[in-house]
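Sequence positions in the sequence shown follow full-length UniProt numbering and run 1 to 304.
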Amino acid sequence: MARRATPTCRSTGRSEQEITTSSRPPGRLLPEAHHDGPNPLIPPAQAGPPVAPYPPPPGRTAPPGTAGAVVRLLPLATATGLPGRHRPEPGPLHPPAAPEPGGFSPFVSYAEGFEPITGQDRHGKTFEPTASQQWEAGVKYQSADRRHQGTLSAFHITKQNEPTRDPNGSPYNKTQAGEVLAKGLELEANSYLTDNRSLAASLTLLDMAFSKDDSGELLGKTPVWVPERQASLWANYDVFEGALAGATLGAGVRHAGKTHMDSLNTDQVPAYTLVDLALGYDLGYLNANLGRRPGATVRQQPVR
1 MARRATPTCR STGRSEQEIT TSSRPPGRLL PEAHHDGPNP LIPPAQAGPP
51 VAPYPPPPGR TAPPGTAGAV VRLLPLATAT GLPGRHRPEP GPLHPPAAPE
101 PGGFSPFVSY AEGFEPITGQ DRHGKTFEPT ASQQWEAGVK YQSADRRHQG
151 TLSAFHITKQ NEPTRDPNGS PYNKTQAGEV LAKGLELEAN SYLTDNRSLA
201 ASLTLLDMAF SKDDSGELLG KTPVWVPERQ ASLWANYDVF EGALAGATLG
251 AGVRHAGKTH MDSLNTDQVP AYTLVDLALG YDLGYLNANL GRRPGATVRQ
301 QPVR
């Protein structure tokens, strides 16, 4: 296993302010600061090592949270009516997250969350939701023209009620006696070099291990599929004029450190690096391009 005016859990997004100028075609956004923390406490529900995600391109919406994300406490409790103790998410921030006209802005936040899990112990008791507490502090940067943003933050997260092997049961019996501690650093940067050339980069350094385990087997061990480091770099080129107007070309590289395949950390998956290429087209340009061709007719239907 991404991290504020409104604190978030590590894999949930936060609101963005879309900033546009007359120099850009409709729907194209200038860069805007975005911080979407990692989800170090809960390994992805997959059969292999995780693939480090790219940070969201400048000014665009972040991808949805990964599976197993820590659920934000208050919204879920309100929506589902789950019983129990619910605590809001305070998040003091000084000065504001988006400095005007530009500069550095420190922040600190605290959040509590929980995640329902399935399973039961050897006595047939259903597992309770896991609980987590997160502290995060750092500094944001935004240039005066809002073309360049960056965030450097440190985080400290603990998670209780983690299922571990029951020392008084069979090897397959679980009990909620585990606690996981995760701490690390995260760096994200977005930059518009020109109106149609942008870069996005991220780096996460993570130290994560079981800090409590009644069986003693997992104490100090790293959960499976959790890399100690992740990094990514992505470049975009947008075409705004000419026959290819609306096209986007992208290329990037992702790196993930070694991960463990089993809970006892006896088998490992080596570090790896992936290279990606992307080609996209904004359909909002389609009608405009057709309308400029001789003899072409663009028919628009009224909205009913």
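Glycine included, C-beta positions come from ideal geometry on N, C-alpha and C.
Source: prediction; values computed, not measured.
Own chain, CB closer than 7 Å to residue i, minus 5 neighbours either side, in chain order
i, result
"S263", "L218, K221, V224"
"T130", "F114, E115, I117, K159, Q160, N161, E162"
"M261", "V224, D267, Q268, V269"
"E128", "N161, Q176"
For residue i, the nearest candidate out of the options (CA to CA)
i, options, result
"A243", "D282, P270, L233", "D282"
"E228", "L185, P116, V253, P129", "L185"
"A209", "A144, Q230, A182", "A182"
"I117", "Q176, D213, H260", "Q176"
"A137", "S198, P129, P106, D166", "P106"
"R197", "A271, T266, G250", "G250"
"residue 305", "G252, L233, V269", "With the chain running from 1 to 304 in the structure shown, residue 305 is simply not present."
"F104", "L206, L203, G150", "G150"
"V226", "L206, S202, E188, T194", "L206"
"A201", "W234, D166, T266", "W234"
"L203", "G257, D195, D166, G216", "G257"
Cβ-based neighbour list, residue i, same chain, cut-off 8 Å, excluding 5 preceding and 5 following
i, result
"T248", "N236, Y237, D238, V239, A278, L279, G280, Y281, D282"
"T126", "G119, Q120"
"N265", "K221, T222"
"T259", "P49, P50, V224, W225, V226, P227, Q268, V269"
C-beta atoms of residue i and residue j nearer than 8 Å
i, j, result
"V180", "E162", "yes"
"T164", "D121", "no"
"Q142", "G113", "no"
"S191", "R146", "no"
"residue 360", "L193", "Nothing about residue 360 can be read from this structure; the chain reaches only from 1 to 304."
Extent of the continuous beta strand (DSSP E) to which residue i belongs
i, result
"residue 346", "The structure shown does not extend to residue 346, since the chain spans only 1 to 304, so no value can be given for it."
"R254", "247-256"
"D276", "272-281"
"L205", "197-212"
"R165", "148-165"
"E112", "103-115"
"V139", "130-142"
"A235", "229-238"
Cβ neighbours of residue i in the same chain (closer than 6 Å, five flanking residues each side left out)
i, result
"S211", "E179, L181"
"H255", "A231, T273"
"Y285", "A245, G246"
"Q134", "A111, I157"
"P95", "Caution is warranted here: a pLDDT of 45 is assigned to P95, below 50, making its placement in the model unreliable, and no coordinate value can be reported."
"P167", "D214, S215"
"A271", "G257, K258"
"E241", "none"
"S189", "In the sequence under discussion, the amino acid at residue 189 is Ala, which differs from the Ser named in the question. So the qualifying residues of the chain are G150, A201."
The ligand ZN heavy atom lying under 7 Å from the CB of residue i
i, result
"G169", "With respect to the ligand ZN, the structure offers nothing, as it holds no ligand at all."
Beta carbon proximity, residue i to chain C, threshold 8 Å
i, result
"A235", "Reference to chain C is not applicable here, since this structure consists of a single protein chain."
| said: Closer than 8 Å is the cut-off here; do at least three beta carbon pairs connect the stretch 145-156 with the stretch 165-180? | reply: no
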